[in-house]
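What follows is a single structure, written as structure tokens, with notes after it.
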Amino acid sequence: MNKLAIVNIYNFVRKSHEEPSKFIIDDFETLENQLTVLAKFNLPSTVALKYDALMDEEYQKLIKTYKKENELAISAWWEITAELCERAGVQFRGERGEEYDDRVDSAYSIAYEPEERIKIVDAYMQDFKEIYGVYPQSIGSWVLDECTLEYAKEQYGIVAAAVCRDQIATDGFTLWGGYPNGPYYPSVNNLNVPAQSEQKQLKLPIFRLLGPDPIFMFEQNVRDTIFGVHTLEPSSISGRGERIPWTFARITDEDAVGINYLQVGQENNFLWPNIAPGYIPQIETVNKLRAEGKLLVQTMAETANFFSESFELTPPMSYQGTTDWSADRLEALNYASSEYRLSFLYEKQKLRIRDFFKFEENYKSRYLDESIKTAASFYDCPPLLFPQIWKQEYGKRPFIKLLDAEGLELDDIEEISFSAIDAYSSEINAQNKDGEISIKMFPDRVEFSGRFGLLFEYLPVLKSVEGKKIYLEYESFPYELDLAKGEFEKLSADSVKINSEEDQIIIKFSDLSKAEICEKDLSDVYGKLYEKNMAIISDSARVENSSNPDKESAYQKVIQDLESAIEFPEKNSEYRLKNMTLSTDAVLDKRDMFNQDGPAALLSDKRGSLDFIDGNWIGTLDNFNVKAELDRPEKISSIKIGFLYNHRQGIICPKEVKLLVKKAGESDFEVLESKDLSEYRAEREIEKLDLTFDLGKGLEIDAFEIQCESYEKMPDWTFYRGSTGVFTVVDNLIVMKV
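Numbering (my numbering), first residue to last: -18 to 719.
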């Protein structure tokens, strides 16, 4: 079978990051730059428009102009605005409060009753067609609902949908336990659950967004050493540098099953200075891999049409990492079919099941028939192992472990490999002191072979055990787990063990046949897709447009503007003083995105750019201060400190900054100057502020201290208004001698 990965470049677009919407040039220029980069390589892409961007004339002009010369699919980004509700004759649920609100219960379709959702779809689609002449082919959002998707498909011909990758309580959304990555057919009862039958499935492929890390994204909330998101998002550390080729290699180089998929792109509201350092090299990587025949780049609708034409039910897939970008040296395999999802983690010679869900098409979404009644949403699946939720009640992270005959966990597993058996099935092979270990994942079952049993450390959904069957219940939904080989042994009210039978355990989910998934052989289906990619590559005019001077010139300007963002006129000045010892009482942020050299980072020869995670900034939630002890008394003419303002990331300048000095020969500090910044408002959404204390013709000192007073809460004029986490971010201290 020819290996092929599919990439959808999918940029979702808002005119404004909050309600009520207003035109902000920073957001507009971000989309303009994103499209300029794509045009250089002539890559097909999708832009998904929130209603405010759909209706804005400047965005319309930009998109229509771009589409004349480039392959662009224009689709819908499903966030609900007051204007859209007014157009639909529906009461908008949102209102601006004193504190920041994730707006899950107002800006998303689950906030509205089913009949209201239909009116909202009608209103959006009518305006979309009036502007662009056709209906959109795809619809995306962080979270969608079953009613909206079914109606949009039947009434307006939507062929694809997109929702957020798995996450726990991020921005008010929890989605966990569903398809790990790529497209699947959802149940009509729950968009997070792949259907097991054609009768209960909505034949509308849903794609998982943001390019999840196959190892660490599924470690969220259960591994103390990781922070932040682990996706391909260009605005995050995980979407930059060496993580880019590593992530793409997971879909091009792994011996995996099914459609190897990544969505590339970013919402424009993260703004170009934060997006560009990841976005540009990602697009360059996509173009390179496409030219090598390793990637098929399509619009989301194109991929969805291929999917719907090829598969009757959701095809199986595996998404794995056999190398680790981190020092942890982990390996992971995530397998899923229309029946179940299963995830293995290999760490320190132990192979464990870290995540296990059974797909049940009758498991209803909480928002299937009514609107959300809480401030945060929750989509899940019937669990067999849900460590993110069960960790707290169990007291530690639970696993499903491989046990030897004495009941001890296997901890000597070596020579492990993850591979595809065929286009449907994956296997894990390994060795330990007792012999070979084999685990095979088929669409309808999992087969474990070797001298070991399986321990479900914590199974709070357990109701009863009967030989080869256990009965379970989650959120009042009953389900079962069956064995074709092996036997359950109840160890406690919330723990079971599976004992092997003739050194084998078979967990059986159904009698699903290959023909039910796809009428043709999957190897042939994927092979034809590979041939299509090679045909596209041979069309040199489509592969790259660098010969177009206008597009090349526009691209080069974007690159040059980005590179000129870091300026440091004092870098080589003989008058800059660096012979001092710096200290701070503030607790500095320890995440990789910030410089970890402590206060000494302020004497670096590098200045921070407008991108706060470029590694040149230090950050704190405290009132920042820095004390400088000079090696000897010096006559100083000025002291400058650099701050960053990026309120959409919770970063603002202090309310007040004081300079205290200790004059040569004196023992006490005195306040030399205090600068009130309470009236400071940046002209752009991201801005650097260099604050200079002018010491006139010079003042001889042997120490000084800069003290910052931060806001207690984010001010009303910021995105995260009312939030208590107020970041102060500093890049450099520039002390000039006379």
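Beta carbons are placed, not taken as given, at the ideal position from N, Cα and C, and that holds for glycine.
### Query
Can you tell which of Ala143, Tyr(-9) and Arg74 has the C-alpha that lies nearest to the C-alpha of Glu248?
When each option's Cα is compared against that of Glu248, the closest is Tyr(-9).
### Message
Is it buried or exposed, Glu111, if we count other Cβ atoms within 10 angstroms and call 16 or more buried?
### Response
With fewer than 16 other Cβ atoms within 10 Å, it is exposed.
### Message
Measuring only the C-alpha atoms, how far is Asn410 from Phe399?
### Response
Rounded to whole angstroms, Asn410 to Phe399 spans 7 Å at the Cα level.
### Task
With a 10 Å radius around its C-beta and 16 neighbouring C-beta atoms as the bar for buried, classify Phe458 as buried or exposed.
With fewer than 16 other CB atoms across the displayed protein chains lying within 10 angstroms of its CB, Phe458 is exposed.
### Task
Spatial neighbours of Ile139 within its chain, please: CB distance less than 6 Å, with the 5 preceding and 5 following residues excluded, ordered by chain position.
Result list for Ile139: Ile120 and Ala133, in chain order.
### Three-state secondary structure (DSSP) of Ile101
Of the three classes helix, strand and coil, the one that applies to Ile101 here is helix, per DSSP.
### Query
Is it true that the region 493 to 507 meets the region 421 to 431, where meeting means three or more beta-carbon pairs spaced less than 8 Å apart?
Under the three-pair Cβ rule at 8 Å, the region 493 to 507 counts as touching the region 421 to 431.
### Query
Between Lys339 and Tyr460, is the Cβ-Cβ spacing less than 8 Å?
Against a cut-off of 8 Å, the Cβ pair of Tyr460 and Lys339 comes out as a contact.
### Message
Measuring straight from C-alpha to C-alpha, what distance separates Ala522 and Glu(-1)?
### Response
Residue placement at Ala522 cannot be trusted, given a pLDDT of 44 that sits under 50; the coordinates are not used to answer.
### Query
For Trp58, which residues does DSSP report across the bridge?
Note: Trp58 sits in a beta bridge opposite Gly121.
### Task
Note down the Cα distance separating Arg588 from Phe685, rounded to an integer number of angstroms.
Take the alpha-carbon of Arg588 and the one of Phe685: they are about 21 Å apart.
### Length-filtered (3 minimum) beta strand (DSSP E) runs lying within the region 412 to 479
Fully enclosed beta strand (DSSP E) runs of 3 or longer: 416 to 423, 426 to 430, 434 to 437, 443 to 447, 450 to 455, 458 to 466 and 468 to 473.
### Message
Check for me: the beta strand (DSSP E) holding Asp697 runs from which residue to which?
### Response
In the DSSP assignment, Asp697 falls outside any beta strand (DSSP E) and carries neither an H nor an E.
### Task
Would you be able to state if there are at least three C-beta pairs under 8 Å between the region 249 to 256 and the region 282 to 302?
Result no; under three Cβ-Cβ pairs closer than 8 Å.
### Cα-Cα separation between Glu96 and Lys444, rounded to whole angstroms
Cα to Cα, Glu96 sits roughly 38 Å from Lys444.
### Query
Relative to the C-alpha of Ile715, which residue among Ala609, Leu658 and Tyr661 is closest?
Residue Ala609 is the option with its Cα nearest to Ile715.
### Query
Among Phe605, Lys616 and Glu555, which has the Cα closest to the Cα of Asp586?
Taking Asp586 as reference, the option from Phe605, Lys616 and Glu555 with the minimal CA-CA separation is Glu555.
### Query
Looking at the structure shown, is Thr233 part of a helix, part of a strand, or coil, going by DSSP?
Under the three-state reduction of DSSP output, Thr233 falls in the helix class.
#### Entry: Nearest residue (CA-CA) to Asp309, options Thr206, Gly114 and Glu654
Per the Cα distances, Thr206.
### Query
Cα-Cα, which of Leu156, Leu172 and Ile261 is closest to Lys538?
When Leu156, Leu172 and Ile261 are compared, the shortest CA-CA separation from Lys538 is found for Ile261.
### Query
Residues in its own chain within less than 8 Å of Leu349 by CB, not counting five upstream and five downstream?
The beta carbon of Leu349 sits closer than 8 Å to the beta carbons of Asp126, Glu127, Cys128, Asn170 and Asn171 from its chain, once the five residues preceding and following it are set aside; these are given in chain order.
### Query
Rounded C-beta distance between Glu314 and Phe337? I'm assuming under 8 Å.
With the sequence shown as reference, residue 314 is identified as Leu, and Glu is not the correct amino acid for it. Contact between Leu314 and Phe337 is absent: CB atoms are separated by about 13 Å, not below the 8 Å threshold.
### Task
Please report the residue range of the beta strand (DSSP E) in which Met298 lies.
Element bounds for Met298: Met298 to Gly302.
### Span separating the alpha-carbon of Asp712 from that of Asp671
Between Asp712 and Asp671, the C-alpha separation is close to 10 Å.
### Task
Please report how far the alpha carbon of Ala645 lies from the alpha carbon of Lys636, in whole angstroms.
Going by the C-alpha atoms only, they are around 30 Å apart.
### Task
Kindly list the residues whose CB is nearer than 7 Å to the CB of Trp371, restricted to its own chain and excluding five residues on each side of it in sequence; keep chain order.
Taking C-beta separations shorter than 7 Å and ignoring five residues to either side along the sequence, the partners of Trp371 in its chain run Pro379, Tyr439 and Pro441, following chain order.
### Query
What residue does the beta strand (DSSP E) around Leu19 start on, and which one ends it?
No beta strand (DSSP E) holds Leu19; the alpha helix (DSSP H) holding it covers Ile6 to Phe22.
### Task
Express the C-alpha separation of Ala582 and Leu311 in angstroms, rounding to a whole number.
Looking at the two C-alpha atoms, the distance is approximately 32 Å.
### Query
Considering only residues of the region 316 to 401, which uninterrupted beta strand (DSSP E) runs meet the minimum length of 3 residues and lie entirely inside it, listed in chain order?
Fully enclosed beta strand (DSSP E) runs of 3 or longer: 321 to 328, 331 to 339, 358 to 360, 364 to 366, 381 to 384 and 395 to 401.
### Query
Where Trp123 and Asn162 are concerned, what is the direct C-alpha to C-alpha distance, given to the nearest angstrom?
Approximately 15 Å, taken between the alpha carbons.
### Message
Under DSSP, the beta strand (DSSP E) around Ile282 begins and ends at which residues?
### Response
Rather than Ile, the amino acid found at residue 282 in this sequence is Ala. Per DSSP, Ala282 belongs to no beta strand (DSSP E); it is in the alpha helix (DSSP H), Met281 to Ser291.
### Query
When you compare only the Cα positions, how much space is there between Glu533 and Leu383?
Each residue's alpha carbon lies about 56 Å from the other.
### Nearest-angstrom Cβ-Cβ length linking Phe188 and Ala141, presumed shorter than 8 Å
Confirmed, Cβ separation roughly 7 Å.
### Query
Under 8 Å between the Cβ atoms of Asp305 and Ile196?
Yes. Within cutoff.
### Query
From this set, Phe292, Glu351, Thr303 and Gly209, which residue's C-alpha is nearest Ala237's C-alpha?
With distances taken between Cα atoms, Ala237 lies closest to Thr303.
### Query
What's the C-alpha gap between Leu563 and Ile687?
Whole-angstrom Cα-Cα distance: 11 Å.
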